[in-house]
Each structure stands twice: as structure tokens, then as C-alpha cells.
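Engineer:
Residue numbers (this note's numbering), protein chains in the order written: chain A, 1 to 449; chain B, 450 to 898.
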């Protein structure tokens, strides 16, 4: 039997957990077990079909494991005996551990739509060979239907159209695409950008059946409309991959995620940790469980889990939920609560908005117009969230907002935020929109902060 | 005699101080007095000569004053009687005030080099007509010598070469260009980028004399070398414009800046405030006076000054000093201390560095390689500064570091920083370099944080 100090089960966040563990405990022997021969960059998957040009260009190099002294075992772990602390592989091999980390991620949600099993209907699995197969077929497609207008659906629609003569249609059940993530005005802006790129978006529409004789030929909607389709992509979400965790008796929590505490230690077993999509997450704000799955949260949790394995002291403050996307060259970002989620919580909020070109003067080449919306508590003045759209700088600007949220800065703190500015890189210091959005709530918050 | 609640003297930070005042005190009448007919975006001045294509494209619109209900008086204030609270203009007009703000900025430093007064030798004044004159002459120039390899000098060199058949040479007295701002490795990278663009850089060289008969024909260096020159740009720094402040009896401090407290209130007179280049600045770190002049600091101080005019409560935590530049398409940014400045202070520091492409996968179009260097106190683990180079995202990434510094985050806090990531906008979450640079100091700081 092989023996390691730490055995990690899983992909992306497993790599980060391993690196973090080796950094904190350089003497510990770490083995990473995963089924996949090759691990893909998960957020890069839609880009395989356009900008990046194939799955082979979207791979996380295993060199990262070697250079950090982590042993890789490719294969499927089928059993864990927590009493004797042994993992059993499909081929019968056994590996002993002192500490075990579940980083088993998530698998696509497959809705019970009649005809879902037909040929050329693809849920977005994070598997190299599978996605290569989809890639090869994509070039013959004339009518692509994407079920679900979330991030995955929108990004797939935007990418698949690039360099292809294909009709792309998104079918979204809610009144807006991206509705779970963004406030309405940003949803509408994103939809408009995608429609300008030639994508058809149908909202308030449900798929009733997938048509075709063996191979998909169309999609029937609840409204009665039928769409031609020779390929269907399912982008309606994911569920945690926690079957093995359940089998070994770990307590599952919200939506079948592994129940973990603030140190990422499983509720059930002090020698078992979990991180990433398979682990339960709590909101930074109210501490309640939340269902968000993001690679950035997964790696953040993995760093914490790896650091805590032999001394649980690094505290997870809960998920702020920071993300960004690009739709037809327009970037969108959110950190923390949106107006929608804050209102749903019943929080009394004050909103400040500001707009500015992301260069100064605005006439610089490649200038984009940035729109920023910040939410503050009406009672404490503390920032609760930020949303924005703009050019590429949104990707890091939303991280500035994340840092402000993490430290519970007030509007008054943000008014005094010291940003660096440069003509080609940022808005002018006079109109820097994060600061100016905070300035706008000075009067509504007067007497509070 | 005209009468206002608030009179502001000056340009850029005057606008922001006025807007801030009107936001906090909407009933107050605000008058802005300035000499210049048109105010230029100060950091955009080098870009007039290349990317932006002329001074008329680099103007701060006066509409910003109108829309904020601020009255503009164009003219020169020549006297202030603080006892009777009256400003006298050059044309004899008098304006009474309740609160007065000095936002008079800075003027270029003109070194006592023989021949400095010759024709076609230009200090960088922030005056529209003057810079238009330089712009018109620039197209006839064959040999441009720039004295001083700081930000202004480097940016001028980079911009003036664009679209012109001109030999550009920078003469810098120190061993590196940008040496006051950046650590050596970044100075060297910036110099290399500029040399690749065809600019000649001479370091450890002083200008002994400017040659020519009326009009400049060359520059004589202390080493004996003579450079041909039909235009010389002086970029060796600026001095505060505080003559009027001195004349009216305000106490001046470090390098003749107006002495102000943490509320931006002048030491001498509770009804007089100052902000921007003309006001004394203190370091965020040790609280000592510092000589840095940046538009972003100026506007930050202006927001504080404007908010405090009728109730000094908004506190200036001192200048972190955050800035960025672009040299031949490579961006550089610094927030807080550099290794050089921290070492000079005698601080015991630990350095973490990390590199990563600013997209993921790295093969995305327009991907750049980001280099990040973070400094932490060896005693407390608190971040003291960050430097970076990379693509355009550096402009906002350095602001993420600024937010971390402002809240005195420790390396352990930054390891747990929750950034959003996206393939086209940021580094991969596994290698996000701000976080990974912090991860690198986990062991050196073990037991501290």
C-alpha cells in the first residue's frame, strides 16, 4: 500500500490545495488523485470554441505539480475507509493518508427534458476528450441552440459564433439572461451586446422537448415555437460531485455539498477537508449557505484548506462572490451583493452610480465607457456590493471593489480611496468611477458615516 | 465686491474641491478662480505629442463646473487679505470669501544650466497656448534631447517618437531612469522597452550647458560628450506654486508647500485650506513630509478639503503614493514603498514575487506577462508596498494593492484575497500574481501572521 501524508481527490482546486499544503508544510508528502488525464482551465472552456482555438490550448500544465513536489496518480478513487484512512482506487490500488482533501468539483446539471439523451446534445462536462469531440463537431453545425442564459450559456454563444457561419439561439427561462448574477440594467446591456453580434435570445421560454430521430434536429419550446437545431449545448448549472463523500459518510449540507467549517474542515471528520464546488459555501454577508460555483472561490478555499491541514488556523471569511465576464467585447463584473440580492435580503441600501471613460482623455485609442454601481448599507454606510460594465479594465476594477468589501469600507473610506491613474490605463482621477459612485451617496448617508 | 461662501484658487484639484464642497454643502456659493483659459489633464500632457494628437484633445471640460453649480472666474488672483477675507484680482476686482482653498498646483523646476533660456528649450508648463506652441514646433524637430528620465521624461520620449522621424535622447543624472519611483529591476525593464523603441538613454550624465546661438543647437554633457539638439524638453521635476500663499502669510513647510493638517486645513488660518501639489503631504507609512506630486493624490486631497470646509471631520490618512505609467506598451505600477524606499527607512522587510500571464490560458490574444513584487513587514506581516509590470491591467491591479495597503492587510489576508477572474481579463485563479506573491512569504513570516 502506498502511503502519503496528504491525499487530495480532484482537479483544479486540488492543485492549489496541494501547492498551499506544500508551502506551509514542506516536509509532507502529498499525492493528488484524479480521473482526468488532462485538467482544463474551467473558466476557459467556452473560449475553446472561439478565441482559444481548441481544448489543447486550454490546459493546466502538470508541471505545476512536479515543481511543487506533488505526486500525481491518474485514476478513479472509488472508496474511502475513514477509519483505517485508506483510499481505494478502481484498479484495486490502495493509498493511505493522514489528511484527506475532497476537491472533486462539480458536474453539469442535466434537466429531465424529453429527448435530452439525443445525439449532439451536450452538457458542459470538464473533460478533455469529451470537449474535443464537441469541438470537432462544432464546425459542421448550422443551427446551435444553447439552453440557459447564464455565464456559460452567454459565453458559449459569444464564442461559438466567432469564425463560424452558424445561427446561435439562447433559450432562457427567466425574464433576463444572467439574471441570477446581474441587476437588470446590466443584463439588458449584455443581451443587447450579444444580439448585436447576431445571437438570438429568447427569454421567458422553457424547452419542452428535444426533437429528432436519434440525432437532434430541433428544440420545442413551451410557447409552442420550434427551433431548428443540429447541436444543443446545456448551460443550466452544475451540481457538486459528492457521491464518494456521501458514500464514505461525510455529512452533506446545502444542495448536497460537503459540510465544512470556516477552516474548510469537514463537519464529520477532523482529518478530512473539502474545498471548491464540492464544499459548502457561506456568504461573506449573512453567513448563510450559498450555491455559487466559481474557480476563483475554489482556489481561494483551496489555499485555506491546504494551509490548515496540520493546524487549522486560517479562517475563511465567507464568499464575497466576485466574477467577471466578457460579452461581445464588453466586460461585466460583480462583487458582493447586487441591488436584486440586497433587496431580496430586505437590506436598506443606498445606491451610487458613476460613469467615465476608462482612459483620460476619453479620446485615447481603445477607450471604453465604464459604468459603476455601488451599494451601501443605509444604516452603517458600509459597502455591500458593486457592479460594473466597461472595457477590459473591469476585470481588475471589480477586484478593487472586492478589496473594499473584504475590509467593510464605508462610502466615506471609498471617497478617500487612493487610486493610481494613468491616461492610457484608467479613468481620470477627477471622475474615477469607483470613487465618484461613493461620492454620490455622501448626502443620502449624511449623519451615518 | 463679489461675495462667495467658498473661493478656490487653482486648476485640477480646484475643480474636484469645488465639486466635493457642493456635494457636501449644496447651499454654499462656490467660485473657482484660475489664470488659465483652458485646463489640461495634467497626466495627459506627454500624450498630446503622440497618442492623443494635440492639446485640444486633452482638455478638462468646464461643463463639469457648470453642472456642479460652480462659478468660474478666469483671471489672476494677486492678493489675499485674510483679515478682511478678500481676494484681489489683477484687474482690481475683489471677491470676498468665508472659506478659501489654495489649489494652485506646481510649476516646472528650471535648473540653473547655462543656456537654459535659449529658444526651443521647454520646461513642461501646464499651459494650453504654451504647449500648443511646442506641439507646432515638434514636427520640425530632428534631434530631441530630454533632460530628466523621470515619468515625464520617459513618457515624453515614448510619445514624441510616435509618427515622427526624430532622434530622441534622454539624459539622466542617476544610474537609472525612474530611479526615484521604481526598484532597479523595473527601471531596467522600462529603459529596455524604451531603447527597443529607438530612444537613446544616457544615465549617470549631467547636462553642463545648452549650446546654440539664440536657438538651441546642442547639449554639452559633464562627460564632455556633445549631443545635437534642435529641441530640449526639461523633465526634472516641479516646485509648488505657493508665492501667493507665502505673500498672504501662510506658513510653508516641506519644500515650500503650504503647511496643512490631516483635514487639509492650513496651519495658519482655520478658514484657509490647501490641496494638491501646493499642499504639504505626509507619508501614509511614517507620517513624514514627502515631496511626491500626483494628480491622483491632488484629487484625493481635494475631495477631503472640499468635504471639510464647514466641518473638518474627514481625515487624510497620508499619501500611499500610487502611480502607473506605460513605456512602449509595457505598463508599470507602484503602490506604497519600494524595496529601495523601505530599505532606506531601515525597515525589515520580506519580499514575495510572482509572475503570470494576464489572461488564461496564456495563449489568449493580447496576453501580457505580469510581474508582481510585494513587500511585507518582517515584524508584523503587514503589506508595505507593491510594484508590478505587465499589460494594461496593471493600471487597476496596482489599485487592488493600494486597497490592501490602505487597510494594512497582512500577507495572510492577501493569500485569502477573493479576486474575480476571467480568461480574457485576468490571470488564472491558480496563479493570480498578487495572491501568489503573498503566498511566497508564508514561510518567511511563519509565526508572525
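Built from N, CA and C at the ideal position, the CB exists for glycine as well.
Which one of B:560, B:481, B:450 and B:452 has the shortest CA to CA distance from residue 755 (chain B)?
Structural biologist: Taking the second chain and counting its residues from 1, one reaches residue 755 (chain B) at position 306. Ranking the options by Cα distance to residue 755 (chain B), first place goes to B:481.
Engineer: Thinking just about the alpha-carbon of each residue, which of A:105, A:121, A:104 and A:24 is nearest to the one in residue 112 (chain A)?
Structural biologist: Here residue 112 (chain A) refers to the residue found at position 112 when the first chain is read from its first residue. Ranking the options by Cα distance to residue 112 (chain A), first place goes to A:121.
Engineer: Pull up the distance between the alpha-carbon of residue 388 (chain A) and that of residue 334 (chain A), whole angstroms please.
Structural biologist: Here residue 388 (chain A) corresponds to residue number 388 of the first chain, with the count starting at 1. Here residue 334 (chain A) corresponds to residue number 334 of the first chain, with the count starting at 1. So the two alpha carbons sit approximately 6 Å from each other.
Engineer: Taking the beta carbon of residue 225 (chain A) as the centre, do at least 16 other beta carbons fall within 10 Å, making it buried, or is it exposed?
Structural biologist: Start at 1 with the first residue of the first chain, and residue 225 (chain A) comes out as number 225. By the 10 Å Cβ count, residue 225 (chain A) comes out exposed.
Engineer: Just mark residue 8 (chain A) as buried or exposed, buried being the case when its beta carbon has 16 or more other beta carbons within 10 Å.
Structural biologist: Stepping through the first chain from its first residue, residue 8 (chain A) is reached at position 8. Per the 10 Å Cβ criterion, buried.
Engineer: With three or more beta-carbon pairs closer than 8 Å as the criterion, would you say the segment 209-216 of chain A touches the segment 70-78 of chain A?
Structural biologist: The segment 209-216 of chain A vs the segment 70-78 of chain A: no contact.
Engineer: Look at residue 384 (chain A) and residue 414 (chain A) and say whether their C-beta atoms are less than 9 Å apart.
Structural biologist: The sequence position of residue 384 (chain A) within the first chain is 384, counting from 1. The sequence position of residue 414 (chain A) within the first chain is 414, counting from 1. No, they are not a contact pair.
Engineer: Let's test the definition: count the other Cβ atoms within 10 Å of the Cβ of residue 139 (chain A) and tell me whether it reaches 16, buried, or not, exposed.
Structural biologist: Here residue 139 (chain A) is taken as the residue at index 139 of the first chain, counted from 1. Answer is exposed; the Cβ neighbour count stays below 16.
Engineer: Tell me whether the beta-carbon of residue 819 (chain B) lies closer than 9 Å to the beta-carbon of residue 828 (chain B).
Structural biologist: Along the second chain, one-based indexing puts residue 819 (chain B) at 370. Along the second chain, one-based indexing puts residue 828 (chain B) at 379. It is not a contact, given that the beta carbons lie outside the stated cut-off.
Engineer: With 16 as the cutoff for other CB atoms within 10 Å, does residue 223 (chain A) come out buried or exposed?
Structural biologist: Within the first chain, numbered from 1, the residue matching residue 223 (chain A) stands at position 223. Result: exposed.
Engineer: Within the 9 Å Cβ cut-off, does residue 57 (chain A) reach chain B?
Structural biologist: As a working mapping, residue 57 (chain A) is identified with position 57 in the first chain. So, interface residue.
Engineer: Taking all protein chains shown into account, decide if residue 475 (chain B) is buried (16 or more other Cβ within 10 angstroms of its Cβ) or exposed.
Structural biologist: Taking the first residue of the second chain as position 1, residue 475 (chain B) is located at position 26. Answer is exposed; the Cβ neighbour count stays below 16.
Engineer: Output the boundary residues of the beta strand (DSSP E) element that contains residue 167 (chain A).
Structural biologist: As a position in the first chain, residue 167 (chain A) is number 167, starting the count at 1. That run of the beta strand (DSSP E) goes 167-171.
Engineer: Could you pull out every residue in the same chain whose Cβ sits closer than 7 Å to the Cβ of residue 248 (chain A), ignoring the five residues on either side in sequence?
Structural biologist: Position 248 of the first chain, counting from 1, holds the residue named residue 248 (chain A). Here the set comprises 80 and 82.
Engineer: Which of helix, strand or coil does DSSP assign to residue 106 (chain A)?
Structural biologist: Numbered from its first residue, the first chain carries residue 106 (chain A) at position 106. Strand.
Engineer: Would you list the residues sitting across from residue 273 (chain A) in a DSSP beta bridge?
Structural biologist: The sequence position of residue 273 (chain A) within the first chain is 273, counting from 1. Bridge partners of residue 273 (chain A): A:101 and A:265.
Engineer: Using the rule of at least 16 other Cβ atoms within 10 Å of the residue's Cβ for burial, across every protein chain shown, is residue 91 (chain A) buried or exposed?
Structural biologist: The residue you call residue 91 (chain A) lines up with position 91 of the first chain. Burial call: exposed.
Engineer: Measure from the alpha carbon of residue 375 (chain A) to the alpha carbon of each residue in A:353, A:368 and A:366, then state which is nearest.
Structural biologist: Your numbering for residue 375 (chain A) matches position 375 in the first chain. Answer by Cα proximity: A:353.
Engineer: What residue range does the beta strand (DSSP E) around residue 818 (chain B) cover?
Structural biologist: Residue 818 (chain B) sits at position 369 when you count from the first residue of the second chain. Taken as a continuous stretch (DSSP letters only), the beta strand (DSSP E) holding residue 818 (chain B) covers 818-826.
Engineer: Who are the near neighbours of residue 844 (chain B) in its chain, counting only those whose CB is closer than 8 Å to its CB and skipping five residues on each side?
Structural biologist: Taking the first residue of the second chain as position 1, residue 844 (chain B) is located at position 395. If we look at residue 844 (chain B) and ignore the five residues flanking it on each side, its Cβ neighbours are 773, 780 and 782.
Engineer: By alpha-carbon positions, which one of A:362, A:288, A:154 and A:265 ends up nearest to residue 233 (chain A)?
Structural biologist: For the purposes of this step, residue 233 (chain A) is taken as residue 233 along the first chain, with counting starting at 1. Ranking A:362, A:288, A:154 and A:265 by Cα distance to residue 233 (chain A) puts A:154 first.
Engineer: According to DSSP, residue 834 (chain B) sits in a beta bridge with which residue or residues?
Structural biologist: Position 385 of the second chain, counted from the start, is the residue given in the question as residue 834 (chain B). Partner(s): B:785 and B:824.
Engineer: Which bits of chain B does residue 107 (chain A) rub up against, with CB to CB less than 9 Å?
Structural biologist: Start at 1 with the first residue of the first chain, and residue 107 (chain A) comes out as number 107. Neighbours of residue 107 (chain A) on chain B: none; closest Cβ ~20 Å, over 9 Å.
Engineer: Decide yes or no for the touch test of the segment 257-276 of chain A against the segment 99-118 of chain A: beta carbon pairs closer than 8 Å, at least 3 of them.
Structural biologist: Counting Cβ pairs under 8 Å, three or more are found: they touch.
Engineer: What did DSSP end up calling residue 429 (chain A) once you bin it into helix, strand or coil?
Structural biologist: In the first chain, counting from the first residue as 1, residue 429 (chain A) sits at position 429. Note: residue 429 (chain A) maps to coil in three-state DSSP.
Engineer: Which partner residues of residue 538 (chain B) appear in the DSSP bridge assignment?
Structural biologist: Here residue 538 (chain B) refers to the residue found at position 89 of the second chain. Answer is B:526.
Engineer: Hey, does residue 818 (chain B) have any beta-carbon neighbour from chain A nearer than 9 Å?
Structural biologist: Stepping through the second chain from its first residue, residue 818 (chain B) is reached at position 369. No, no contact with chain A.
Engineer: Taking only beta-carbon atoms, is residue 166 (chain A) less than 9 Å away from chain B?
Structural biologist: The residue you call residue 166 (chain A) lines up with position 166 of the first chain. It does not; no Cβ of chain B falls within 9 Å.
Engineer: For my contact list, residue 904 (chain B) and residue 489 (chain B) are in at a C-beta cut-off of 8 Å; report their separation, rounded to the angstrom.
Structural biologist: Lying outside 450 to 898, the shown extent of chain B, residue 904 (chain B) is not represented and no answer is given.
Engineer: Which residues in chain A have a C-beta closer than 8 Å to the C-beta of residue 861 (chain B)? List them in chain order.
Structural biologist: Counting from one through the second chain, the residue named residue 861 (chain B) turns up at place 412. Chain A residues near residue 861 (chain B): 314.
Engineer: Helix, strand or coil: which one does DSSP assign to residue 669 (chain B)?
Structural biologist: Taking the first residue of the second chain as 1, we reach residue 669 (chain B) at position 220. Reduced to three states, the DSSP call for residue 669 (chain B) is strand.
Engineer: Quick one: give me the first and last residue of the alpha helix (DSSP H) that residue 126 (chain A) is part of.
Structural biologist: Position 126 of the first chain, counted from the start, is the residue given in the question as residue 126 (chain A). Careful: residue 126 (chain A) lies outside any alpha helix (DSSP H) and carries neither H nor E.
Engineer: Looking at the secondary structure, which residues open and close the beta strand (DSSP E) in which residue 659 (chain B) lies?
Structural biologist: As a working note, residue 659 (chain B) is residue 210 in the second chain. Residue 659 (chain B) -> beta strand (DSSP E) spans 656-662.
Engineer: Give a yes or no on whether 9 Å exceeds the smallest Cβ distance from residue 712 (chain B) to chain A.
Structural biologist: Within the second chain, residue 712 (chain B) is the residue found at index 263, counting from 1. No - not a single Cβ of chain A is within 9 Å of the one on residue 712 (chain B).
Engineer: Could you tell me if residue 346 (chain A) is buried or exposed, where buried requires 16 or more neighbouring beta carbons within 10 angstroms of its beta carbon?
Structural biologist: Position 346 of the first chain, counting from 1, holds the residue named residue 346 (chain A). Exposed, since its Cβ has fewer than 16 Cβ neighbours within 10 Å.
Engineer: Considering only DSSP beta bridges, list what residue 592 (chain B) is partnered with.
Structural biologist: Position 143 of the second chain, counted from the start, is the residue given in the question as residue 592 (chain B). The partner list for residue 592 (chain B) (beta bridge, DSSP) reads B:616.
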